[in-house]
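K.L.:
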Amino acid sequence: MSSIKNHRPPTDDFAATRFKRRFLTRLTAVLVGGMFLDGYILGIIGTVIGAISTELEFTPLWEGLIVASSLGILAGSPVGGWLGDKFGRKPLFMIDMGIFLVGSVLQFFVHEPWQLFLVRLLMGIAVGVEYSVGWPLMSEFAPARMRGRLMGLTLVAFYVGFMVAFIVGYALTTTTSVDWRIILGSSTLPALILFFARFGLPESPRWLWSKGRRDEARAVAYKYMENAGDMDDVEHEHERPEGRFKMLFSRRYWRATLFCSMFWLCAVTPYFAIATFAESVLKGYGMSEGLAGGVGLSAVATAGVVLTVILIDRAGRRFLTVPPQWLCFVLLLIIGLWAGAPAWVVLVCFLAFSFFNAGYNTLTGIYPGEVFPTEIRGIGTGFATAVSRVGAGAGTFLLPSSMANYGPQATMLMAAGLTLVGAILSQWLAPETKGKSLTETAAGFSH
Numbered sequence: 001m002s003s004i005k006n007h008r009p010p011t012d013d014f015a016a017t018r019f020k021r022r023f024l025t026r027l028t029a030v031l032v033g034g035m036f037l038d039g040y041i042l043g044i045i046g047t048v049i050g051a052i053s054t055e056l057e058f059t060p061l062w063e064g065l066i067v068a069s070s071l072g073i074l075a076g077s078p079v080g081g082w083l084g085d086k087f088g089r090k091p092l093f094m095i096d097m098g099i100f101l102v103g104s105v106l107q108f109f110v111h112e113p114w115q116l117f118l119v120r121l122l123m124g125i126a127v128g129v130e131y132s133v134g135w136p137l138m139s140e141f142a143p144a145r146m147r148g149r150l151m152g153l154t155l156v157a158f159y160v161g162f163m164v165a166f167i168v169g170y171a172l173t174t175t176t177s178v179d180w181r182i183i184l185g186s187s188t189l190p191a192l193i194l195f196f197a198r199f200g201l202p203e204s205p206r207w208l209w210s211k212g213r214r215d216e217a218r219a220v221a222y223k224y225m226e227n228a229g230d231m232d233d234v235e236h237e238h239e240r241p242e243g244r245f246k247m248l249f250s251r252r253y254w255r256a257t258l259f260c261s262m263f264w265l266c267a268v269t270p271y272f273a274i275a276t277f278a279e280s281v282l283k284g285y286g287m288s289e290g291l292a293g294g295v296g297l298s299a300v301a302t303a304g305v306v307l308t309v310i311l312i313d314r315a316g317r318r319f320l321t322v323p324p325q326w327l328c329f330v331l332l333l334i335i336g337l338w339a340g341a342p343a344w345v346v347l348v349c350f351l352a353f354s355f356f357n358a359g360y361n362t363l364t365g366i367y368p369g370e371v372f373p374t375e376i377r378g379i380g381t382g383f384a385t386a387v388s389r390v391g392a393g394a395g396t397f398l399l400p401s402s403m404a405n406y407g408p409q410a411t412m413l414m415a416a417g418l419t420l421v422g423a424i425l426s427q428w429l430a431p432e433t434k435g436k437s438l439t440e441t442a443a444g445f446s447h
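My numbering puts the first residue of the sequence shown at 1, with every later residue one more than the last.
1. Give the secondary structure of residue 252 by DSSP, where H, G and I count as helix, E and B as strand, and everything else as coil.
2. In the segment 374-439, which residue ranges form an unbroken alpha helix (DSSP H) of at least 4 residues, counting only runs that do not cross its ends?
3. Can you confirm whether the segment 88-106 touches the segment 192-212 when touching is taken to mean that 3 or more C-beta pairs between the two stretches lie within less than 8 Å?
4. Under the rule that 16 or more other beta-carbon atoms within 10 Å means buried, what is residue 219, buried or exposed?
5. For the putative contact between residue 352 and residue 331, defined by C-beta atoms under 8 Å, what is the C-beta separation to the nearest angstrom?
6. Excluding the five sequence neighbours on either side, which residues of its own chain have a C-beta within less than 7 Å of the C-beta of residue 339, listed in chain order?
7. For residue 419 versus residue 350, is the C-beta spacing smaller than 7 Å?
8. CB-CB under 6 Å to residue 33, same chain, minus the five flanking residues each way: which ones, in chain order?
9. Could you check how far apart the C-beta atoms of residue 202 and residue 217 are, in whole angstroms? I think they sit under 8 Å.
10. Are the beta-carbon atoms of residue 166 and residue 84 separated by less than 7 Å?
11. Buried or exposed for residue 199, please, with buried defined as at least 16 other CB atoms from any protein chain shown within 10 angstroms of its CB.
12. With 16 other CB atoms within 10 Å as the buried threshold, where does residue 108 fall?
13. Could you give the distance in angstroms between the alpha-carbon of residue 308 and the alpha-carbon of residue 57?
14. Starting from residue 368, trace the alpha helix (DSSP H) in both directions and tell me its first and last residue.
15. From residue 181 to residue 21, what distance separates their C-alpha atoms?
16. Mind listing, in chain order, the continuous alpha helix (DSSP H) runs of no fewer than 4 residues lying wholly within the segment 300-361?
17. Is the segment 368-384 close to the segment 319-326, with three or more CB pairs under 8 Å?
18. Could you pull out every residue in the same chain whose Cβ sits closer than 8 Å to the Cβ of residue 432, ignoring the five residues on either side in sequence?
19. Span of the alpha helix (DSSP H) holding residue 142?
20. Give every residue of the same chain whose Cβ lies closer than 6 Å to the Cβ of residue 18, excluding the five residues on either side of it in the sequence, and list them in chain order.
21. Determine whether the beta carbon atoms of residue 77 and residue 386 lie at a separation below 7 Å.
22. How many Å lie between residue 150 and residue 142 at the Cα?
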């Protein structure tokens with residue numbers, strides 16, 4: 001009982017409500033900040049890869065490896081998810097930002113291709129941990145009525161971070177002689193701020209309850225959760241054996257694993273490939289290079305995420321997941337099949353694709369936190385993240401050679417085919433989780 005006493009909420013109802021809202025705002029802010037940093041780190045490399053390649057005398061292999069070094073996510077997400085399920089969300093939430101900070105600083109001291117590869121690989125690991133710990137933490141604290149919006153805000157931050165990276169990188173490389181190491185290392189300041197901002201955050205009450213630490217879970221829930229129904233739902237958690245990787249493929253959860261991982265892969269692969277090499281893709285269709293390419297596609301994508309966040313707790317998850325994928329398939333098909341299409345048609349199709357693709361990409365950060373149960377929520381999110389990054393890494397690594405060897409039209413037809421797979425899968429499996437408790441959403445695939 002001492003833990004309840006130590007974490008007793010304020011006695012005044014108004015003060016307690018205000019305290020809980022401030023906490024939710026703070027939690028959202030540090031999660032949004034983390035995802036902004038993810039987008040910034042992944043986007044900034046594209047603005048200086050030319051200068052790095054020239055100075056460090058990259059071979060084509062090194063250039064592809066450096067750009068795809070974010071594949072550290074492949075290790076960071078499942079391992080981080082497993083550790084988060086085993087030892088708690090709170091400690092991993094601090095550790096991954098510490099890795100971000102160390103990696104950001106190390107970029108100032110890079111002088112060889114292998115050094116840059118290892119540093120970016122380390123930062124990719126941190127991105128993976130952030131996904132597999134941050135999203136479960138948010139889903140376990142967020143009120144059911146606004147869970148979609150709060151989790152979706154983190155995706156807005158990612159796209160804003162990616163877009164800001166293009167703007168900062170373009171501005172610094174075209175108007176100043178700042179060394180590329182300084183540009184890459186510019187992520188140090190936000191990483192430092194976020195590292196200190198995360199001190200003092202509580203452990204997830206659902207995780208505590210699932211581990212049999214019920215008094216602590218009640219104390220945290222009553223102190224930090226505003227809605228009585230959400231607090232009561234914490235006590236619907238079952239104390240189960242420790243979550244294991246093999247549970248993802250059990251009869252109970254294989255559908256959730258298949259949907260979350262493959263939907264995510266089919267969503268991000270064409271986006272990262274096209275966005276990372278926006279200038280060369282547009283140039284392949286006869287359009288001039290410049291800031292408008294990368295920033296324009298990123299800005300439109302950000303708008304798509306924002307609209308999805310506004311609508312998600314009203315229109316529902318499935319409506320915002322299935323139809324946009326079919327539309328994106330048609331848009332890429334037009335680009336790939338219409339030989340000699342006017343440049344403005346191609347540009348409009350690319351912009352529309354970026355808008356709608358980013359919209360349903362928002363759901364990739366929401367579904368895993370809802371459809372996996374607490375004991376494997378981190379592992380499930382981490383596995384889905386890793387699978388998605390196989391696609392993202394392959395897309396960024398293979399797109400330049402595909403454009404050179406097969407041409408832009410064939411490349412876009414490949415992207416259309418992958419989008420079609422995602423549309424069919426979502427038509428079959430995408431659940432509706434709007435307004436439901438986590439107990440209900442996690443049970444959706446288990447019947």
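Ideal Cβ positions, reconstructed from N, Cα and C, are used throughout, including at glycine.
P.N.:
Taking the structure as given:
1. Three-state result, residue 252: coil.
2. Listed in chain order, the alpha helix (DSSP H) runs fully inside the segment 374-439 are 377-406, 408-429, counting runs of at least 4 residues.
3. Touching, per the Cβ criterion.
4. With at least 16 other beta carbons inside 10 angstroms of its own, residue 219 counts as buried.
5. Rounded, the Cβ-Cβ distance is 6 Å, consistent with contact.
6. Exclusion of the five residues before and after residue 339 leaves 409 as the residues of its chain whose Cβ lies within less than 7 Å of its Cβ.
7. Cβ atoms of residue 419 and residue 350: not closer than 7 Å.
8. Here the set comprises 194.
9. That pair is no contact at about 10 Å.
10. Result no, Cβ atoms of residue 166 and residue 84 do not sit closer than 7 Å.
11. Under the 10 Å beta carbon count, residue 199 is surrounded by fewer than 16 other beta carbons and is classified as exposed.
12. By the beta-carbon neighbour count (other beta carbons within 10 angstroms, threshold 16), residue 108 is exposed.
13. Taking the straight line from one Cα to the other gives about 43 Å.
14. Residue 368: member of the alpha helix (DSSP H) spanning 367-371, first to last residue.
15. Between residue 181 and residue 21, the C-alpha separation is close to 40 Å.
16. Here the runs fully enclosed are 317-337, 343-361.
17. Under the three-pair Cβ rule at 8 Å, the segment 368-384 does not count as touching the segment 319-326.
18. In chain order, 316, 317, 318 place their CB closer than 8 Å to the CB of residue 432, counting only its own chain and leaving out the 5 sequence neighbours on each side.
19. According to the DSSP assignment, residue 142 belongs to no alpha helix (DSSP H), since it is labelled neither H nor E.
20. None.
21. Going by beta carbons, residue 77 and residue 386 fall inside the 7 Å limit.
22. Taking the Cα positions, residue 150 is about 7 Å away from residue 142.
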